[in-house]
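Chains as they are written, first to last, in our numbering: chain A, 1 to 314; chain B, 315 to 571.
For each residue, glycine too, the CB sits at the ideal point set by N, CA and C.
Just so it is clear, the structure is predicted and the values come from calculations on it, not from any experiment.
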């Protein structure tokens with residue numbers, strides 16, 4: 001009698017546990033478990049359904065035939081994604097618009113120097129405002145649609161008088177005022193996508209040689225501002241065309257493509273941000289007088305095998 | 315004697331323990347029958363996975379340590395910033411055969427400076443990630459079958475099942491797994507399973523500027539990867555462990571661990 005009670009108790013306990021087990025299993029083991037193997041089959045589908053973010057190159061071809069052709073040449077083997085980091089928001093330059101900004105800035109500086117050289121030559125000839133105006137109109141005739149203007153600053157006005165009405169900066173133009181006061185360059189990109197316009201202001205500061213004629217100016221004051229206005233589309237095109245023709249093996253510019261503007265992150269190689277400084281620092285005594293135009297390959301032979309050689313072979 | 319209450323208590327305790335164990339056994343999902351299913355029920359919609367078996371090749375002669383792959387992987391898979399599904403190591407070996415290995419931020423930001431002391435005679439980069447072994451120590455130890463191998467040879471982790479016990483992290487001889495602090499579940503490289511099943515390449519392969527990283531299908535007659543694996547002298551990491559990795563290295567160096 002006593003021992004039966006034993007058994008029935010044990011049996012009840014087992015039944016309860018069995019029931020609990022079945023209930024728990026129903027609730028905790030997913031339905032698709034074991035469909036294909038010892039795992040939840042739905043997971044495979046979930047994993048497969050994830051959306052890819054980074055795109056393969058060929059996918060660009062459909063819509064960017066023009067860029068595809070331009071990216072031919074020596075950089076044909078550099079994947080688009082190498083320079084344009086791609087993600088779900090379509091393509092954008094690796095560091096925001098930094099590459100474009102830096103390129104535009106470098107180009108603008110170069111062009112401003114050119115404009116200033118012409119201006120300086122004109123001043124040497126003793127040209128007056130009318131002549132200078134003609135000069136800027138002439139410089140505005142260029143293949144990149146760049147418009148050039150020069151605005152005079154306080155020291156020039158003091159000595160030579162106000163600018164002609166047509167040559168005065170629009171009233172209320174803060175950027176020009178700021179450049180004239182602070183002497184700091186600025187680059188602004190304005191306008192709609194695909195119709196963006198870059199506006200670059202290049203202040204002309206008074207230095208010792210200026211004082212020869214600008215007798216009423218003081219060193220450090222701002223004599224005037226060169227303004228460059230250009231549609232950005234052409235700049236972008238210029239950049240790709242440049243990439244395509246780049247002799248990757250030799251020229252210094254070829255290296256700069258990646259190492260200044262593109263996927264080399266400038267914060268990573270601070271020492272090569274300014275190439276002149278970089279070369280001066282790296283120059284050894286036994287290499288003769290410093291040559292700032294020296295090709296990068298003069299000192300860097302080791303890097304070339306991998307990435308660049310691939311392009312040279314292509 | 316048989317009425318001794320102490321003995322009875324022991325007996326009931328043993329019964330309860332056995333019962334609880336039984337519940338546990340019920341709860342552990344029984345290994346289902348992947349192969350069996352195919353034979354038994356042809357009406358099941360079976361993905362095309364029996365037509366593929368993937369492999370990965372890394373040509374160490376080509377890697378320049380740019381970190382594109384690490385960055386791409388991070389973005390593609392939204393990997394936790396402190397952890398890596400793929401990473402790049404730099405080896406520097408001196409003339410006295412001291413081996414220096416570093417992987418600053420997983421190679422995410424590239425490499426700079428020199429960590430070796432002495433004259434470096436060999437220096438190279440070694441990209442690493444899940445080796446997708448055929449004999450997987452990691453999936454074998456998973457107590458809840460959250461980690462498994464697909465028929466194409468890809469090892470996945472089901473985050474909904476994973477309980478974060480980290481047995482697999484310990485079991486992996488290649489350090490390819492980690493516990494994602496956001497989800498407290500195991501995370502690892504999937505060879506971008508969501509990409510390769512759509513005919514795309516893994517993100518790291520897509521962005522590699524030097525073709526260091528190659529990916530392909532061993533069951534595809536025309537895939538170059540077959541030729542590469544069969545014709546080039548390649549090696550795998552830790553072959554002695556008999557894990558049979560499907561990630562092959564060309565240009566191996568004896569210093570690589």
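If the cut is a Cβ gap below 8 Å, which residues of chain A does residue i touch?
i: residue 334 of chain B; result: 17
i: residue 472 of chain B; result: 39, 40, 43
i: residue 504 of chain B; result: 47
State the DSSP-derived secondary structure class of residue i, mapped to helix, strand or coil.
i: residue 348 of chain A; result: No statement about residue 348 of chain A is possible, as the shown extent of chain A runs from 1 to 314 and does not include it.
i: residue 4 of chain A; result: helix
i: residue 277 of chain A; result: helix
i: residue 246 of chain A; result: The predicted model places residue 246 of chain A with a pLDDT of 45, which falls under 50 and marks its position as unreliable; any figure quoted below should be read in that light. Residue state, collapsed to three classes: coil.
i: residue 507 of chain B; result: helix
i: residue 291 of chain A; result: coil
i: residue 369 of chain B; result: strand
i: residue 441 of chain B; result: strand
i: residue 325 of chain B; result: helix
i: residue 500 of chain B; result: strand
i: residue 375 of chain B; result: coil
i: residue 556 of chain B; result: coil
i: residue 480 of chain B; result: coil
i: residue 474 of chain B; result: coil
i: residue 13 of chain A; result: helix
i: residue 233 of chain A; result: helix
i: residue 551 of chain B; result: coil
i: residue 393 of chain B; result: coil
i: residue 532 of chain B; result: coil
i: residue 398 of chain B; result: coil
i: residue 458 of chain B; result: coil
For residue i, tell me which candidate among the options has the shortest Cα-Cα distance.
i: residue 506 of chain B; options: B:530, B:539, B:554; result: B:530
i: residue 106 of chain A; options: A:161, A:28, A:178, A:202; result: A:202
i: residue 371 of chain A; options: A:29, A:154, A:117, A:45; result: Given that chain A is displayed from residue 1 to residue 314, the structure contains no residue 371 of chain A and the question cannot be resolved.
i: residue 372 of chain B; options: B:429, B:334, B:390, B:441; result: B:441
i: residue 513 of chain B; options: B:366, B:325, B:324, B:330; result: B:366
i: residue 113 of chain A; options: A:215, A:139, A:164; result: A:139
i: residue 198 of chain A; options: A:148, A:27, A:48; result: A:148
i: residue 524 of chain B; options: B:375, B:436, B:360; result: B:375
i: residue 477 of chain B; options: B:488, B:496, B:457; result: B:457
i: residue 124 of chain A; options: A:168, A:175, A:214; result: A:214
i: residue 472 of chain B; options: B:559, B:501, B:537; result: B:501
i: residue 568 of chain B; options: B:519, B:406, B:400; result: B:406
i: residue 216 of chain A; options: A:154, A:15, A:181, A:130; result: A:154
i: residue 131 of chain A; options: A:167, A:157, A:221; result: A:167
i: residue 493 of chain B; options: B:395, B:556, B:468; result: B:395
i: residue 387 of chain B; options: B:460, B:421, B:362; result: B:421
i: residue 141 of chain A; options: A:183, A:171, A:230; result: A:230
Below 7 Å on C-beta distance, what does residue i contact in chain A?
i: residue 330 of chain B; result: 13
For residue i, count neighbouring Cβ atoms within 10 angstroms of its own Cβ and tell me buried if that reaches 16, exposed if not.
i: residue 146 of chain A; result: buried
i: residue 535 of chain B; result: exposed
i: residue 120 of chain A; result: exposed
i: residue 33 of chain A; result: buried
i: residue 368 of chain B; result: buried
i: residue 286 of chain A; result: exposed
i: residue 364 of chain B; result: exposed
i: residue 463 of chain B; result: buried
i: residue 443 of chain B; result: buried
i: residue 43 of chain A; result: buried
i: residue 577 of chain B; result: This structure cannot settle anything about residue 577 of chain B, because the visible part of chain B is limited to 315 through 571.
i: residue 435 of chain B; result: exposed
i: residue 23 of chain A; result: exposed
i: residue 115 of chain A; result: buried
i: residue 426 of chain B; result: exposed
i: residue 349 of chain B; result: Note that residue 349 of chain B scores a pLDDT of 41, beneath 50, so its modelled location is shaky; the value from the coordinates is reported in the next line. Under this definition residue 349 of chain B is an exposed residue.
i: residue 516 of chain B; result: buried
Can you name the residues of chain B whose CB is closer than 8 Å to the CB of residue i?
i: residue 277 of chain A; result: Those do not exist, as residue 277 of chain A stays about 17 Å from chain B at its closest Cβ, beyond 8 Å.
Please list, in chain order, the chain B residues whose beta carbon lies closer than 9 Å to that of residue i.
i: residue 48 of chain A; result: 361, 507, 508, 511, 512
Output, in chain order, the set of chain A residues within a Cβ distance shorter than 9 Å of residue i.
i: residue 475 of chain B; result: 30, 33, 39, 40, 43
Distance cutoff 8 Å, beta carbons only. Does residue i sit that close to anything in chain D?
i: residue 213 of chain A; result: As a matter of chain content, chain D is missing from the structure shown, whose protein chains are A and B.
Interface positions of the stretch 507-520 of chain B facing chain A (Cβ-Cβ less than 7 Å), listed along the chain: 507, 508, 509, 511, 512, 514, 515, 517, 520
For the stretch 424-452 of chain B, which residues have a CB atom closer than 9 Å to at least one CB atom of chain A, in sequence order? 424, 426
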